[in-house]
Each structure stands twice: as structure tokens, then as C-alpha cells.
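S.K.: Per our numbering, the sequence shown starts with residue 716, numbered consecutively. Idealized CB from N, CA, C, for every residue including glycine. Below are the C-alpha cells for one structure; questions will follow.
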Amino acid sequence: MNSPHDSFKRCKLCQATTAVPTYHLAKTTIYRCSNCEFHFSDYLDGPLPPAAPTILDSNTSRYIDMRSRASIDLTAQRLALLSRCRDVQACRLLDIGAGIGRFMLAAKQQGALVEGIEPSRLRRDYALSNSALSLHPDTVESPFWQTGYREYFHVITLWDVIEHVDFPVETLLQAVNLLKPGGLLLLETPDRMALPYRLSERLYRLSNGRFNLFLDNFYSVAPYGHKQIFTRPQLVELCEHAGLQLCYLSGAYQCQTARGKNIILGATKPG
């Protein structure tokens, strides 16, 4: 659902009321903040209605399994990054947006004590059926987490999550509430400075909006679709605003989609 957010003039990153509609796509408009250059969609999920019941039958399970095989190397890269930053053994880890639990399972096999958040009932059922992982439907801002797990986790991960949420600053602040002093947060998201995005912007401007190349692929009005794309400096700003200290920033690998390079960011909560 479209939800008013001060007519979307208020930037979702720096909070200045300097955002203007810039790219008019088929199903959404992208606002650009003239103060910090943040780009975000004018679509918000808002409170989503209860999803229709889904059935994890054998065909669906095989399809999810087939699609998930492509992420095996990605999971290994993510775990290697975590292992470089801290000892995984016995660390309490929360994976926000856990999907089918691939990363959680890999960390668990290395000795981590894992918890995961996943709004999709189908993915939760798959994780339980195939990996014996029980994922939580409650999102990070819920009292279940904010009251019961404050300053509890040694590590929190958000792999390809922050671009999907309605309000990224608020979501990250809520995640940091659950992180122990000295804890580590790992975040990954598409890079807005990747060549496909920049070419798409240029083509849009040159064609006066008639063509946008990949911009429609970067944003979505589907539930939990992409709502904002960050540059690296904006990621640093986001984490610093949440009280985190940057310890690692890298373009870690080439993503095999029009999104271009992803960024992996490590930040610590001061102890």
C-alpha cells in the first residue's frame, strides 16, 4: 500500500525535507534527496495483511532447493567474512531476514548459537522441514525482540535486507538495540554506484524518462521489495547514525544480476 511519508519529501536517511521526485518508473517514483543524494521509492509496505496459507508440497520444496543451490558459494563467503571478524564458536547470532536459513545453518555447524527472523511462512516451513531450524515470524521492532533480547547477541546479520524495509534508519537502530556492547553487525546490500545503476540513470536523463534500462529491476512494489539503494558513504552514514563504529567495508564479490556489486559492511557497537 502507498502510505504518506510527509509526501516523501523527508529523506529516509538524513531526515532533511529536501527529497524530490526524480525517476518516474512504471509502478513507483524514485525520490532523490538534494541534501545527501539518497535514493528511495515512494512505496511503503505499511502493515501487511495476513498472508494466504501456503503449502510446502514436494514440488515447491524442490523448486526452493534448486534456487538455493546458487547461494552456496555466497553463504561460504559470508561465513568467511564473519570468521575473519570474530570467533564463531559459541557466539549468539541473530540473522534478520534469514530466508530458508542457509547462513544460519552454516554458522550453527561452526558452533554458533543461532536465531533467525523470517516473515515468509513458506520459507520458515522449508527451513524447519529441511534443516530443523525454527525461524521467528516476529520482525525486529516487535516487543518479542526489543524486550526479551536487548543487548543479547554477539553478532547480528542483515544479508540483503536493509534495501527491503520501509525505514532503514529505524530498522538498524532496532537491530542495534539487540547487540551486546562490543558486538558485531554485518550488513550487505546492493551498491548504487554499480555500473548498471549509473548507466540506467544516464539513459533515463538522456531519453527524458522514456527508457530506464535496469531501474525497474532495482525497485519493486511487491511486499518486502526493494525500496532504497545505498552508496558506500551512505552505508557508513547509516551505521554511524545507529552508533556503530566501522571496522570493515568492501565490495566483496560480483553479483550475477543487474544490481551489480554488493557491499559487505562490518561495524561494531562500542563496548
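Rounded to whole angstroms, how far is the Cβ of Phe933 from the Cβ of Ile944, which I believe are closer than 8 Å?
M.R.: Between Ile944 and Phe933 the Cβ distance is about 6 Å, and since that is below 8 Å, they are a contact.
S.K.: Around the Cβ of Leu921, are there at least 16 other Cβ atoms within 10 angstroms (buried) or fewer (exposed)?
M.R.: Under this definition Leu921 is an exposed residue.
S.K.: So Ser844 and Leu771 are in contact, right, with Cβ under 8 Å, and what is the actual spacing, rounded?
M.R.: That belief holds up - the Cβ atoms of Ser844 and Leu771 are roughly 6 Å apart, short of 8 Å.
S.K.: Unbroken alpha helix (DSSP H) runs of length 4 or more, entirely within the segment 902-940: which are they?
M.R.: Entirely contained in the segment 902-940, the alpha helix (DSSP H) runs reaching 4 residues are, in chain order, 910-921 and 930-933.
S.K.: What residue range is occupied by the uninterrupted beta strand (DSSP E) comprising Val829?
M.R.: Element bounds for Val829: Leu828 to Ile832.
S.K.: Buried or exposed: Asp906, going by 16 or more other Cβ atoms within 10 Å of its Cβ?
M.R.: The residue in question, Asp906, is buried, as its Cβ has 16 or more Cβ neighbours within 10 Å.
S.K.: Based on Cα-Cα distance, which residue from Ile787, Gly812 and Ala822 lies nearest to Val880?
M.R.: For the residues Ile787, Gly812 and Ala822, the minimum Cα distance to Val880 belongs to Gly812.
S.K.: How big is the Cα-Cα spacing for Leu828 and Pro736?
M.R.: The alpha-carbon atoms of Leu828 and Pro736 are separated by roughly 44 Å.
S.K.: Count the other CB atoms within 10 Å of the CB of Thr983; is the residue buried (16 or more) or exposed (fewer)?
M.R.: By the neighbour-count rule (16 or more Cβ atoms within 10 Å), Thr983 is buried.
S.K.: Tell me the DSSP secondary structure of Tyr746 in three-state form.
M.R.: If DSSP states are grouped into helix, strand and coil, Tyr746 belongs with the strands.
S.K.: Quick check for students: name the residue ranges of the beta strand (DSSP E) that lie wholly in the segment 862-894, counting only runs of 3 or more.
M.R.: You should have 868-874.
S.K.: At the level of alpha carbons, what is the spacing between Arg725 and Val884?
M.R.: Using only the alpha carbons, I get a separation of about 13 Å.
S.K.: So what does DSSP say about Gln825, is it helix, strand or coil?
M.R.: Gln825 falls in the coil class under three-state DSSP.
S.K.: If I follow the unbroken alpha helix (DSSP H) through Tyr758, where does it start and stop?
M.R.: First-last for Tyr758: undefined, no H or E at that position.
S.K.: Taking the DSSP output, what are the residues bridged to Gln943?
M.R.: In DSSP, Gln943 forms a bridge with Phe755.
S.K.: Can you list, in chain order, the residues of its chain whose CB lies under 7 Å from that of Leu888, leaving out five sequence neighbours each side?
M.R.: For Leu888, where only same-chain residues beyond five positions count, the Cβ hits under 7 Å are Ala957.
S.K.: Would Asp757 and Thr775 be called neighbours here (beta carbons separated by less than 7 Å)?
M.R.: No. Outside cutoff.
S.K.: Considering just the uninterrupted stretch of the beta strand (DSSP E) at Ala785, what are its terminal residues?
M.R.: Note, Ala785: premise wrong, no beta strand (DSSP E); not H, not E.
S.K.: I need the DSSP call for Gln949, collapsed to helix, strand or coil.
M.R.: Correct three-state label for Gln949: helix.
S.K.: Compare the beta carbon distance of Arg807 and His869 with 7 Å and say whether it is the shorter of the two.
M.R.: Going by C-beta atoms, Arg807 is nearer than 7 Å to His869.
S.K.: Identify whether Thr775 lies in helix, strand or coil by the three-state DSSP scheme.
M.R.: Looking at Thr775 - three-state DSSP - the assignment turns out to be helix.
S.K.: Counting beta carbon pairs with one atom in the segment 837-855 and one in the segment 934-941, are three or more of them shorter than 8 Å?
M.R.: Verdict: no, contact absent.
S.K.: Around the C-beta of Tyr778, are 16 or more other C-beta atoms found within 10 angstroms, so that it is buried, or is it exposed?
M.R.: The residue in question, Tyr778, is exposed, as its Cβ has fewer than 16 Cβ neighbours within 10 Å.
S.K.: Tell me, to the nearest whole angstrom, how far the beta carbon of Arg793 is from that of Trp874; I am working on the premise that it is less than 8 Å.
M.R.: With 8 Å as the limit, Arg793 and Trp874 qualify as a contact, their Cβ atoms being about 6 Å apart.
S.K.: Which of helix, strand or coil does DSSP assign to Arg801?
M.R.: DSSP places Arg801 in coil when its eight states are reduced to three.
S.K.: Can you give me the C-alpha to C-alpha distance between Leu953 and Gln825, rounded to a whole angstrom?
M.R.: Rounded to the nearest angstrom, the two C-alpha atoms are 30 Å apart.
S.K.: Less than 7 Å separating the beta-carbons of Gly831 and Asp810?
M.R.: A contact, by the Cβ cut-off of 7 Å.
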